[in-house]
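First the structure, in the form of structure tokens, and then the observations on it.
Protein chains: 4
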Amino acid sequence: MSSTFGTLFRISTFGESHGGAVGVVVDGCPPRLEISVEEIQAELDRRRPGQSQITTARAEPDTAEILSGVFEGRTLGTPIAIVVRNKDARGSDYEPFKDKYRPSHADFTYDAKYGIRNWRGGGRSSARETIGRVAAGAIARKLLAKHFGTEILSWVSRVADISAPQPDPLKVSREEIEANIVRCHDAATAERMIDLIKSIKSKGDSVGGTVDIVARNLPTGLGEPVFDKLEADLAKAMMSLPASKSFEVGSGLEGTYLKGSEHNDLYYNTGERIGTRTNRSGGIQGGISNSEPITMRVGFKPVATILMPQQTVNQAGEEVELMPRGRHDPCVLPRAVPMVEAMTALVLADHFLRQQAMTHGAID
Amino acid sequence: MSSTFGTLFRISTFGESHGGAVGVVVDGCPPRLEISVEEIQAELDRRRPGQSQITTARAEPDTAEILSGVFEGRTLGTPIAIVVRNKDARGSDYEPFKDKYRPSHADFTYDAKYGIRNWRGGGRSSARETIGRVAAGAIARKLLAKHFGTEILSWVSRVADISAPQPDPLKVSREEIEANIVRCHDAATAERMIDLIKSIKSKGDSVGGTVDIVARNLPTGLGEPVFDKLEADLAKAMMSLPASKSFEVGSGLEGTYLKGSEHNDLYYNTGERIGTRTNRSGGIQGGISNSEPITMRVGFKPVATILMPQQTVNQAGEEVELMPRGRHDPCVLPRAVPMVEAMTALVLADHFLRQQAMTHGAID
Amino acid sequence: MSSTFGTLFRISTFGESHGGAVGVVVDGCPPRLEISVEEIQAELDRRRPGQSQITTARAEPDTAEILSGVFEGRTLGTPIAIVVRNKDARGSDYEPFKDKYRPSHADFTYDAKYGIRNWRGGGRSSARETIGRVAAGAIARKLLAKHFGTEILSWVSRVADISAPQPDPLKVSREEIEANIVRCHDAATAERMIDLIKSIKSKGDSVGGTVDIVARNLPTGLGEPVFDKLEADLAKAMMSLPASKSFEVGSGLEGTYLKGSEHNDLYYNTGERIGTRTNRSGGIQGGISNSEPITMRVGFKPVATILMPQQTVNQAGEEVELMPRGRHDPCVLPRAVPMVEAMTALVLADHFLRQQAMTHGAID
Amino acid sequence: MSSTFGTLFRISTFGESHGGAVGVVVDGCPPRLEISVEEIQAELDRRRPGQSQITTARAEPDTAEILSGVFEGRTLGTPIAIVVRNKDARGSDYEPFKDKYRPSHADFTYDAKYGIRNWRGGGRSSARETIGRVAAGAIARKLLAKHFGTEILSWVSRVADISAPQPDPLKVSREEIEANIVRCHDAATAERMIDLIKSIKSKGDSVGGTVDIVARNLPTGLGEPVFDKLEADLAKAMMSLPASKSFEVGSGLEGTYLKGSEHNDLYYNTGERIGTRTNRSGGIQGGISNSEPITMRVGFKPVATILMPQQTVNQAGEEVELMPRGRHDPCVLPRAVPMVEAMTALVLADHFLRQQAMTHGAID
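Residue numbers (numbering that gives the first Met the number 0), protein chains in the order written: chain A, 0 to 363; chain B, 0 to 363; chain C, 0 to 363; chain D, 0 to 363.
Laid out in structure tokens, this is it:
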């Protein structure tokens, strides 16, 4: 159960979905960064269940408390512990199927691995675990913003087969994205997505899709070849989120259909720096950022919990029918947006610190 | 420059493509495993340049020497150092463009990050770095085979827009895959792929595509939630390979178009164990292996080196034309097969050891 | 600020002495271990300030709350978060010298390193940080006790120049040690030590000394050469405690006066196992436990806070006089006993898990 | 078998004493540092066996070869692999007692842990393993010298009961230390030490003692509370060396006899910086360097190999007599000097890089 992520900007999350609390310890945040509990809360509110008609109805305020590491509004350089109490945990909802393995959930594998399981909700496999990530991500994001004016934005680019038009990665704004409950930058597409999700929800079914991510205003030089290439750590970050199934960077899967003569990004002198005329590399070459925007796409499967009867087995290995209850998301994508942004911020902040060590450790 | 990978089965690679040698140190391999230099060499031979008409002509025998950690044919439990001398390094090939940034290569970002670069070849960003991975992977593979009869197979599933039919992941064999130089299990498709690559090569261009991977005969319980989920570590492993652009696990991107009622894998009792009737989860649920085959797909971009004139800039920031020379692969996919197999083996061996710690650390 | 310790049984502590709370997250504890908050509290009570006339008067109940990772009295294999609220924090005590550097404290170096400091108390350099270690240590100790009947005992072996007679490391008992407030196994010596500490306290001064530690009933094979030798990790563990100045293992410093012919531990067959007739190795050879008792000694300096005027400088670099206030220990040793026991347990539990990976990862 | 040390300046050593080669991979050294193989060789020559009448007669030239990471005399920022071939390995010397456990050696514990052992010499437990450390230490030392003019010096301060007078830590010089074969800064004491070692050697016995270490010209701020305190990492570094039994920092064990009023280091303004009038803290407060010289003492036991008959047991558990052969050091101390210097340099270089990350990661 490795709940620690990052080398220098390092987080450790804790907490089960229906235990006492969930939270995070951030170790390695540089000192003297201004941070308020409100800034952290703002990101948690974007992740919060019950925020709209198309998310789960679980009513969690998800109120963050900072236990350590911040003094008079600034970080101390010491571990920042943040805790969120579980309030609306209805463990009893899970009582009827506590020994039945929900299909495509982690019940069976947790039982097989640990020989014990908090059957009240998803335990650590629940999306509630990401509260700690989002809280920590708010700090990482602030650090990068202060240093470079870095902006990290994500939006829902596709729900099932409803795709949004590709925005200009340099211009897409948080305002556009947050303007609707599905978090799609394109208003017309958003409406169709919302209609689809509502329709799916009414049938007790669920639906997947993709989110796109851009990180812009970044320095050159982030990423540590060969194993800790920037895209490698970003891929791990995204694929560690519940329900993610695919990761693409830059031109992604589409780029693999091209010829080298079509795919290569040609360098030119922008007047201020060396840039590339296209950005199929997604801002990363050889595992190192080149100061073009970092672009990624992450695919999420349809949520495994559906309110339909399904065949499964129980702990005794007997084949049984399962009829789930509980409050769940018909589509994880709108709430995945703050999660992937947080994970992006955490990876970039970590590599920013690692790069400082190398740059300032070198002899000039 | 983080060249270490793995927690308990840990490798550290070293070496530039045109320096004295490349190699690896494997730390944490359990003792008493029978391993011969021939077994390691066999995997290196699959990765070797110059192995066929559709790979680079660089003539490297890539002969492995074991310097430590093996005694009388068995591992000691101590670090296993393996070294491969560079033989056919023609650094002078690179002289004409030593200060010109090759498009979509790592020249510019390495210069920006390190302020120095071994301009003779790709240095650490070269695919030669993967020699250490493949050598170490041969040991990891042996360990898993001995314990579980694990088989790890990869094949080229698509070159540009030529796709192979999907094989049965339980039946596809190494013999089928190794029967042709492009390493596609389907002979007819292989022929078309080879023709395409030869045609592309003759034009000095390059082409990308995908490889598929299956790992079968695995125990339940591998993978460490929440950050070191099995698919997260596999994603990082694959995205740390040169030229990889996308990673998919199980149903991957296609699965994100489905509804939950279509996507969920229903459990049943196989008579011997709890299995799933479909395997859209790709053998992993909640980050933990469920003993179904692990299935993945990795996309590789077209090789950046093309023998055509391209616009770029030099170290001084001046816009110049680049006409590459050197010996390069028109398509990385056939040689990527042993690389992705090695990375898969390394991740699984590491998680196997981690799982032993937990299982045998628990009170029964 | 690296607040994480251990490879597989890994703890992360957090909290300032006068912030909201202190605590710990334990990641990697095997599942299904029975543990109660009372068992954790029992160890915290031994560490608690205000427990006797010879410790600081700060009145902290140090009540532990388990936030996660335990379900129905047993560990889940998931992170165990434990938090202790600070109750009797009187930050205002520190107001008068908030900008004066207390001699041999960490005020100056924290300011120099971080450029900010929680001047209310010692912050992270306070012994309150060890609450997290002691709480986590209670779990590690339980794990070892369940597996091997391991006992980890420490006692005050010397205060200033008052030395206790060396007990038989196989027989010394917790009852003897806990029979007096200074935690010396020898009652007569304890009395003299207590008198000395009281006398020192009345003068506003402080005093140092040594604690001895024994860990018995341990398996052979713990310890990972070459850098993570068992004594190396134990040394790091002890030297990371506030105020520790020296570490010895086995024959320690005294042993360095002997000849090889006097120092070597001769092997013999105990009938049940291979043992050594003497134990100058302190239970560790080549960095690996040999199943003899592990014996160590740790020296602690006199507490830096003394209630006497001292010359120092302030943040502006001006030479000033400091007259400390606050509530402090005249001698850290009695409360160091549970700390060194906890650190010993943490190192041994971690190496126990690491050894399981190797043992069960090997082919038989 | 954890053979990796360091967080950012990270080394991995490999090699058995009588295998093909020993060596090291240094990962994380900043780029553009001038380093030559001669500088590395110079340190290896100080560690080399056969260097004088009072060391083992094994005739190893210990010639270093750099395989990677250095280009045109400067580091690339990529892994630096250094290899030393074993030349004078006489494994057959060990044949007669290959199944007898040498007292106070690691034969028994290696067998118990790994179930296999390279019985030709000490394998990884041999002091030959430190070749990699010393080679890497030469690079770390150069890095610190270039940045700060840091000097790291060690000398033999005691052999058995022959103690040298304490030198001024600011003035003791490498010339004084290297002026004699025992590496004691005081010529008269050195002579007595050498006589004692020769006498001990003639009897086939061995002898222990202490080395002292000073590191001067260091910046303020190195060290990462709470677990990676500078003295904690130094303690681990030293206690990971073969035969070390004790570690002291600053006033060490002697300081624990003092009162706080006697022990505290009073601050004053040196005119250039904030200094302390005494240095009982050994240059470290709260785990962080304060720019006073770092002072340490390490105790080494008498070498376990003595040329005298000893009672022991064999692999079958039978009690047998052992009469060792082979070529060994009667006293490890003169050769320990370059080892402890190297370990000091490695810890300081690592913390220097870690500190750069924090300092330059902070907002100004």
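Cβ atoms here follow ideal geometry from the backbone N, Cα and C, with glycine treated the same way.
Contact with chain D by residue i, beta-carbon distance below 7 Å
i	result
C/Asp-227	yes
B/Arg-31	yes
B/Tyr-100	no
Partner residues on chain A for residue i, Cβ-Cβ distance less than 7 Å
i	result
B/Asn-268	Val-312, Gly-316 and Glu-318
Within 7 Å, strictly: CB atoms of residue i and residue j
i	j	result
B/Arg-123	D/Thr-77	yes
B/Phe-246	B/Ala-234	yes
C/Asn-268	D/Gly-316	yes
C/Ala-348	C/Leu-142	yes
A/Ala-105	B/Thr-219	no
B/Gly-203	B/Ile-305	yes
D/Ser-153	D/Val-336	yes
B/Asp-185	B/Ala-159	no
A/Ala-56	A/Leu-66	no
B/Val-339	B/Ile-180	no
Neighbour flag for residue i against chain A, beta carbons, 7 Å
i	result
B/Tyr-93	no
B/Phe-13	no
B/Ala-178	no
B/Met-307	yes
B/Glu-175	no
Any chain C beta carbon closer than 7 Å to residue i
i	result
A/Ser-239	no
D/Thr-108	yes
A/Ala-105	no
A/Ala-20	yes
Neighbour list for residue i in chain C, Cβ cutoff strictly below 8 Å
i	result
A/Ala-126	None at all; the shortest Cβ gap to chain C is about 15 Å.
Neighbour list for residue i in chain A, Cβ cutoff strictly below 9 Å
i	result
D/Leu-7	Thr-6, Leu-7, Arg-353, Ala-356, Met-357 and Gly-360
Where residue i meets chain C, residues with beta-carbon distance less than 7 Å
i	result
A/Ile-364	Here chain A comprises residues numbered 0 to 363, so residue 364 of chain A is not present and cannot be evaluated.
Contacts that residue i makes with chain D (C-beta to C-beta distance below 8 Å)
i	result
C/Glu-42	None at all; the shortest Cβ gap to chain D is about 18 Å.
C/Glu-291	In chain order: nothing, as chain D lies at least about 11 Å away.
Cβ of residue i within 7 Å of any chain B Cβ
i	result
D/Asp-364	There is simply no residue 364 of chain D to check, as chain D begins at 0 and stops at 363 in what is shown.
A/Pro-218	no
A/Asp-160	yes
A/Ser-153	no
Beta-carbon neighbours of residue i, restricted to chain A and to distances below 8 Å
i	result
C/Ser-1	Asp-26 and Gly-27
Proximal residues of chain D, C-beta to C-beta of residue i below 7 Å
i	result
C/Pro-301	Leu-257, Lys-258, Gly-259 and His-262
beta-carbon residue i near the ligand GDP non-hydrogen atom, thresh 6 Å
i	result
A/Glu-261	The ligand content of the structure shown is nil, which means the ligand GDP is not present either.
Taking beta-carbon pairs under 9 Å, can you tell me which members of the segment 46–60 of chain B lie near chain D?
none
What are the uninterrupted segments assigned as beta strand (DSSP E) that are 3 or more residues long and contained completely in the segment 75–116 of chain A, given in chain order?
79–84
Closer than 9 Å, Cβ to Cβ, to anything on chain D: give me those residues from the segment 330–362 of chain A, in chain order.
Ala-348, Phe-351, Leu-352, Arg-353, Gln-354, Gln-355, Ala-356, Met-357, Thr-358, His-359, Gly-360, Ala-361 and Ile-362
Residues in the segment 60–81 of chain C with C-beta within 9 Å of chain A's C-beta atoms, listed in sequence order?
Glu-64, Ile-65, Leu-66, Ser-67, Gly-68, Val-69, Phe-70, Glu-71, Arg-73, Thr-74, Leu-75, Gly-76, Thr-77, Pro-78, Ile-79 and Ala-80
Interface residues of the segment 135–148 of chain B facing chain C [CB-CB below 8 Å]
Leu-142, Lys-145 and His-146
Let me know the beta strand (DSSP E) ranges lying completely inside the segment 193–244 of chain A, each 3 residues or longer, listed in chain order.
208–215
Residues of the segment 112–126 of chain A with Cβ closer than 8 Å to any Cβ of chain C, in chain order
Shown in chain order are the members of the segment 112–126 of chain A whose Cβ falls below 8 Å from a Cβ of chain C: Lys-112, Tyr-113, Gly-114, Ile-115, Arg-116, Asn-117, Gly-122 and Arg-123.
Using a Cβ cut-off of 9 Å, which residues of the segment 182–206 of chain C contact any Cβ in chain D, in chain order?
Flagged, chain order: Ile-199, Lys-202, Gly-203, Asp-204, Ser-205 and Val-206.
Going along the chain, which residues of the segment 242–265 of chain C sit with their C-beta nearer than 7 Å to a C-beta in chain D?
Lys-244, Ser-245, Phe-246, Glu-247, Val-248, Gly-249, Ser-250, Gly-251, Leu-252, Gly-254, Thr-255, Tyr-256, Leu-257, Lys-258, Gly-259, Ser-260, His-262, Asn-263, Asp-264 and Leu-265
Whole alpha helix (DSSP H) runs in the segment 250–305 of chain D with 4 or more residues, listed along the chain?
251–254 and 259–262
What runs of the alpha helix (DSSP H), each 4 residues or longer, lie entirely inside the segment 16–61 of chain A?
36–46
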